[in-house]
Amino acid sequence: KLDVPDSFKEGLAKRRIKAEEEEFQELIKRSEEALKLSDELTKKFNESKSFSTEDTRKIERIEKLIKKIRKDLGAENDDEDEKEITPSSLSATLTIIKEKSASLLAEIKKTGRFSISVVAVESSNAILKLVRMLRFNKK
Numbered sequence: 272k273l274d275v276p277d278s279f280k281e282g283l284a285k286r287r288i289k290a291e292e293e294e295f296q297e298l299i300k301r302s303e304e305a306l307k308l309s310d311e312l313t314k315k316f317n318e319s320k321s322f323s324t325e326d327t328r329k330i331e332r333i334e335k336l337i338k339k340i341r342k343d344l345g346a347e348n349d350d351e352d353e354k355e356i357t358p359s360s361l362s363a364t365l366t367i368i369k370e371k372s373a374s375l376l377a378e379i380k381k382t383g384r385f386s387i388s389v390v391a392v393e394s395s396n397a398i399l400k401l402v403r404m405l406r407f408n409k410k
């Protein structure tokens, strides 16, 4: 067995901790971006009652962000036994996405980088389902 110097082990540990901290900050940034985009979409849709090409890109961006967040949280699939969300309108769908995005961000900040939050995973699952509904059913 090789004897690794303590200074080398400490250096590796410090780099690992720094990488974990950076990953956690990225997770927060993604969550903040998803919330910002959902807020913009909600406001825009409530004003115009339609989606522009830019809005469609924002919907796709939210989906991509949430998929990455779910992966970082360690979630495996989004078809878990969860109560079905059936919003009554596109406006209601956007409002729920915005609320769930805010909940997701708060939960991620609250739990920190050392734990996985079931609430955060459930929120990300709900957002993903709603965004897919929007993407495939928007008029």
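Counted the way our numbering counts, the sequence shown spans residues 272 to 410.
Yeah, the Cβ is synthetic: ideal placement off N, Cα and C, and Gly gets one too.
Only a predicted model underlies this, so the values are computations on that prediction, with no experimental measurement involved.
So V402 packs on R341, CB below 8 Å; how close in whole Å? The Cβ separation is near 12 Å, so there is no contact.
Pairwise C-alpha distance: D277 and D352: Because the pLDDT of D352 is 48, which lies under 50, any placement of that residue in the model is unreliable, and the number read from its coordinates should be weighed accordingly. Between D352 and D277, the C-alpha separation is close to 48 Å.
Just the C-alpha distance for F316 and F322, rounded to the nearest angstrom, thanks. 7 Å
So the alpha helix (DSSP H) A305 belongs to, where does it begin and stop? 277 to 319
Could you check whether the stretch 281 to 301 touches the stretch 369 to 381, counting it as contact only if at least three pairs of C-beta atoms, one from each stretch, sit closer than 8 Å? yes
Alpha carbon to alpha carbon, what distance is there between G282 and S302? 30 Å
Between the stretch 366 to 373 and the stretch 283 to 292, do three or more beta carbon pairs fall short of 8 Å? Using a C-beta cut-off of 8 Å, the stretch 366 to 373 makes no contact with the stretch 283 to 292, since fewer than three inter-stretch Cβ pairs fall below that distance.
Measuring alpha carbon to alpha carbon, tell me which of I387, N408, S386, L375 ends up nearest A397. When only C-alpha atoms are compared, the closest one is L375.
Grab me the residues of L365's own chain with a C-beta within less than 6 Å of its C-beta, minus the 5 sequence neighbours each way, in chain order. L312, T313, F316
Around the C-beta of D326, are 16 or more other C-beta atoms found within 10 angstroms, so that it is buried, or is it exposed? buried
For D352, which of helix, strand or coil comes out of DSSP? Here D352 scores only 48 on pLDDT, less than 50, and its place in the model should not be relied on; the value that follows carries that caveat. Correct three-state label for D352: coil.
Do I333 and S359 have their C-beta atoms closer together than 9 Å? no
Would you identify the three-state DSSP class for L405, choosing helix, strand or coil? helix
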